[in-house]
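A.B. asks: Shown below is the structure under consideration.
In my numbering, the protein residues as written are 11 to 196.
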């Protein structure tokens, strides 16, 4: 049996400003993954999927197997409730793209130890990019994604955490099988 609603909701027309207010970068509430939303032909595009508005707050995928509900909150952009055809729900929160400069990158430099994998990761700045090193000879250039988060290629997404004073204290790895492996700054 299908979990889809018998009759598809009818799309509505939103202004370009309403659509633009939904576009942007979002991060998964618990996992270190991201969602990028752009405006596309009267609707939204998420990855390769197109979504049509059924109200100012709700968008349905073209094939009907997923819907996005924008939930207003204290941030300038709303959070997203993402519901698939089976009723599984995840949440995404708005984040800003990371504007990189040399001073900002230096905040991440250091050694990070993970007791879970008994490994020390070293983070350096090379040629204006953040680079993660792991013995014996792994070297991964980190690409900025959103504030304090980077794409680490085969390592997945790497997110740095700060203490209450704003000092970087920890990093977290996230990919398909491991989504919150922590390493503390030494």
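In this text, a Cβ means the ideal position worked out from N, Cα and C, and glycines have one as well.
Would you mind listing the beta strand (DSSP E) stretches within the region 67-111 that are 3+ residues and don't spill past its ends, in chain order?
C.D. replies: 68-71, 76-81, 89-94, 99-105
A.B. asks: Going by the CB atoms, is the gap between residue 61 and residue 104 shorter than 7 Å?
C.D. replies: No, they are not a contact pair.
A.B. asks: Work out the CA separation of residue 99 and residue 70 for me, nearest whole Å.
C.D. replies: 14 Å
A.B. asks: Between the region 134-149 and the region 50-69, are three or more C-beta pairs nearer than 8 Å?
C.D. replies: no
A.B. asks: Would residue 101 pass as a contact of residue 39 if the rule is Cβ separation under 7 Å?
C.D. replies: yes
A.B. asks: Using a Cβ-Cβ distance cut-off of 7 Å, determine whether residue 58 contacts chain C.
C.D. replies: Given the protein chain composition of this structure (a single chain), no chain C is represented.
A.B. asks: Please state the DSSP three-state secondary structure of residue 24.
C.D. replies: coil
A.B. asks: For the beta strand (DSSP E) containing residue 167, name the first residue and the last one.
C.D. replies: 167-172
A.B. asks: How would you write the range of the beta strand (DSSP E) that residue 51 sits in, first residue to last?
C.D. replies: Counting along the chain, residue 51 falls outside any beta strand (DSSP E), and DSSP gives it neither H nor E.
A.B. asks: At the level of alpha carbons, what is the spacing between residue 88 and residue 119?
C.D. replies: 33 Å
A.B. asks: My output table needs one value for residue 30: the three-state DSSP class, helix, strand or coil.
C.D. replies: helix
A.B. asks: Using C-beta distances below 7 Å, list every residue in its chain close to residue 63, excluding the 5 sequence neighbours before and after it, in chain order.
C.D. replies: 21, 22, 24, 53, 69
A.B. asks: Cβ atoms of residue 181 and residue 123: under 7 Å apart, would you say?
C.D. replies: Contact: no.
A.B. asks: Beta strand (DSSP E) containing residue 149: first to last residue?
C.D. replies: 148-156
A.B. asks: Along the beta strand (DSSP E) that carries residue 59, what are the first and last residues, could you check?
C.D. replies: Taken as a continuous stretch (DSSP letters only), the beta strand (DSSP E) holding residue 59 covers 59-63.
A.B. asks: Between 97, 166, 85, 83, which lies nearest to residue 77 when the distance is taken from Cα to Cα?
C.D. replies: From the listed residues 97, 166, 85, 83, the smallest Cα separation to residue 77 is found for 97.
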